[in-house]
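Participant:
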DNA sequence: TACCATGATTCCAG
DNA sequence: CTGGAATCATGGTA
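Dropping the structure here:
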């Protein structure tokens, strides 16, 4: 009975009433049984209205008295339980949402582009991917590639700086709210679960901001990429000297115009172009030569003559004891040591066929 | 401005 | 992965 009285007084205290107002629970019961609840409520209202007249010290003192009440924890835990069973459980249903597919998509893209993820591997992987798409090797070091890499690094830097800012703001805000709630939990019932839930809400809010950041970053990468690809399409004719070197090789290897990897590298170096450009050039040259051998005949003769002249000048410088000049002797060793490949054989047969039967161009 | 030349890209087969 | 073939897109020129 004594305990009950204490709880009652505590609750009344919470309602802002003075403990002296209702001291005896029996008296309360008596009043109720007498059928005077309206009078009772009137009193309580009166007392609530009177709170504003209380001094701050009085209110603080009452608050303190309440906080120190030994039944307070029990009361709060009951209230928390009720709260969870009602309000929070309703909200809880929509809590466990699966990871947003949109944000997963953005994350994957940022990772693939080398914006998020490990610094060096990611960035170089992206550069390599772009280089591969451009048909060049990552070590080409062409202006476009370095430009692309620099721009990507810039985007990456901004992204990480912003992300860090958001994370910091998020944790600061979370801490602030947690402290606030902890503080408030002394004066109103707040369960740890509720705090946790609140933190979750904050994180979700911040992650939506993060998603916006990720989205803009993806857009920036896309724009950069498209610009890069546009630039890639811009064709520049090789200079005269480069074309000469490539043609020289082509016509002096007409029987097997398939430069080895080393030969391609050598040619690339000589022409100041990439290995893939050499491959492209040979691919185009073979197909165009084959399509119209007649048209290229003059060019072929010209380069055959040039090669012969070069060879002659080289052989004249060499001693008589050296091996007799061949069309290839003026070329670097890598050029002359190409094995006769099956493609070469196929190429020769087809070319010969075309020379003999130009009218049968369908073959 | 039309036309051809040419480097690059794409698709496919081996 | 490489090369053939078709195609695209741009450069150069008459």
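Numbering (the UniProt record's numbering), first residue to last: 1 to 363. No residue lacks a Cβ here, since even glycine has one placed at the ideal position from N, Cα and C. Keep in mind the model is a prediction, meaning the values are calculated, not measured.
Just tell me which of 194, 265, 204 has its CA closest to the CA of residue 77.
Facilitator: Residue mapping note: residue 77 aligns to position 77 of the first chain, counting from 1. Nearest C-alpha to residue 77: 194.
Participant: What span of residues does the alpha helix (DSSP H) with residue 82 cover, start to end?
Facilitator: Within the first chain, the letter at position 82 stands for residue 82. Where residue 82 is concerned, the enclosing alpha helix (DSSP H) stretches over 72 to 83.
Participant: Grouping DSSP H, G and I as helix and E and B as strand, with all else coil, what is residue 258?
Facilitator: On the first chain, position 258 is the one that residue 258 refers to. DSSP places residue 258 in the coil class of the three-state scheme, outside both helix and strand.
Participant: Applying the 10 Å Cβ sphere with the 16-neighbour rule, what's the burial state of residue 252?
Facilitator: As a working mapping, residue 252 is identified with position 252 in the first chain. When all chains shown are included, residue 252 counts as buried.
Participant: Which same chain residues, not among the five before or five after residue 265, have their C-beta less than 7 Å away from its C-beta?
Facilitator: Indexing the first chain from 1 puts residue 265 at position 265. These residues qualify, in order along the chain: 275.
Participant: According to DSSP, simplified to helix, strand and coil, what is residue 250?
Facilitator: Within the first chain, residue 250 is the residue found at index 250, counting from 1. The answer is helix: DSSP assigns residue 250 an H, G or I state.
Participant: CA-CA distance, residue 241 and residue 271?
Facilitator: Translated into the one-based positions of the first chain, residue 241 becomes position 241. Translated into the one-based positions of the first chain, residue 271 becomes position 271. Roughly 7 Å between the two C-alpha positions.
Participant: In three-state DSSP terms, what is residue 61?
Facilitator: Numbered from its first residue, the first chain carries residue 61 at position 61. Residue 61: helix per DSSP, three-state reduction.
Participant: Looking at the unbroken alpha helix (DSSP H) that takes in residue 284, where does it start and where does it end?
Facilitator: Within the first chain, numbered from 1, the residue matching residue 284 stands at position 284. First-last of the alpha helix (DSSP H) with residue 284: 275 to 291.
Participant: Compute the Euclidean distance between the alpha carbons of residue 132 and residue 179, then round it to the nearest angstrom.
Facilitator: Position 132 of the first chain, counting from 1, holds the residue named residue 132. Position 179 of the first chain, counting from 1, holds the residue named residue 179. Low local confidence applies: a pLDDT of 40 at residue 132 is under 50, so the model's placement there is unreliable, and no value is given.
Participant: Taking DSSP as the reference, what is the three-state secondary structure of residue 172?
Facilitator: Along the first chain, read from residue 1 onward, the residue named residue 172 stands at position 172. The answer is helix: DSSP assigns residue 172 an H, G or I state.
Participant: Roughly how many whole angstroms lie between the Cα atoms of residue 174 and residue 184?
Facilitator: The count along the first chain starts at 1 and reaches residue 174 at position 174. The count along the first chain starts at 1 and reaches residue 184 at position 184. Near 15 Å, if we compare the C-alpha coordinates of residue 184 and residue 174.
Participant: Relative to the C-alpha of residue 65, which residue among 170, 186, 287 is closest?
Facilitator: Taking the first chain and counting its residues from 1, the one referred to as residue 65 is at position 65. The shortest Cα separation from residue 65 among 170, 186, 287 belongs to 186.
Participant: Out of 199, 191, 297, point me to the one whose CA is closest to residue 172's CA.
Facilitator: On the first chain, position 172 is the one that residue 172 refers to. Per the Cα distances, 199.
Participant: Check each candidate in 181, 155, 211, 150 and name the one with the smallest Cα separation from residue 166.
Facilitator: Against the first chain, residue 166 aligns to sequence position 166. Shortest Cα-Cα distance from residue 166 to any of 181, 155, 211, 150 involves 211.
Participant: Near residue 79, what residues of its chain come up, given a Cβ to Cβ distance below 6 Å and the 5 sequence neighbours on each side ignored?
Facilitator: One-based indexing of the first chain puts residue 79 at position 79. The answer, listed in chain order, is 189.
Participant: Label residue 217 either buried or exposed according to how many other C-beta atoms from any shown protein chain fall within 10 Å of its C-beta, with 16 as the threshold for buried.
Facilitator: One-based indexing of the first chain puts residue 217 at position 217. Counting Cβ neighbours within 10 Å, residue 217 comes out buried, since at least 16 surround it.
Participant: Look at the alpha carbon of residue 238 and the alpha carbon of residue 246, and state the distance between them as a whole number of angstroms.
Facilitator: Here residue 238 is taken as the residue at index 238 of the first chain, counted from 1. Here residue 246 is taken as the residue at index 246 of the first chain, counted from 1. Whole-angstrom Cα-Cα distance: 10 Å.
Participant: What is the DSSP secondary structure of residue 116, reduced to helix, strand or coil?
Facilitator: Working through the first chain from its first residue, we reach residue 116 at position 116. Three-state result, residue 116: coil.
Participant: Measure the Cβ-Cβ separation of residue 248 and residue 303 and say whether it is below 7 Å.
Facilitator: Residue mapping note: residue 248 aligns to position 248 of the first chain, counting from 1. Residue mapping note: residue 303 aligns to position 303 of the first chain, counting from 1. Result yes, Cβ atoms of residue 248 and residue 303 sit closer than 7 Å.
Participant: Would you decide whether residue 291 is buried or exposed? Buried here means 16 or more other CB atoms lie within 10 Å of its CB.
Facilitator: Translated into positions along the first chain, residue 291 becomes position 291. Residue 291 is exposed by the Cβ-count criterion.
Participant: Less than 6 Å between C-beta atoms, sequence neighbours within five positions excluded: which residues of the same chain meet that for residue 116?
Facilitator: Your numbering for residue 116 matches position 116 in the first chain. Excluding positions up to five away in sequence, the list reads 110.
Participant: For residue 61, count neighbouring C-beta atoms within 10 Å of its own C-beta (all shown protein chains included) and say buried if the count is 16 or more, exposed if not.
Facilitator: Taking the first chain and counting its residues from 1, one reaches residue 61 at position 61. It counts as exposed.
Participant: Once the 5 residues before and after residue 7 are set aside, which same chain residues still bring their CB inside 8 Å of it?
Facilitator: Within the first chain, numbered from 1, the residue matching residue 7 stands at position 7. At residue 7 the pLDDT is 41, less than 50, meaning the model places this residue with poor confidence; the figure from the coordinates comes in the next sentence. Apart from the 5 residues on each side of it in sequence, residue 7 sits with its Cβ closer than 8 Å to the Cβ of 71, 75 in its chain, given in chain order.
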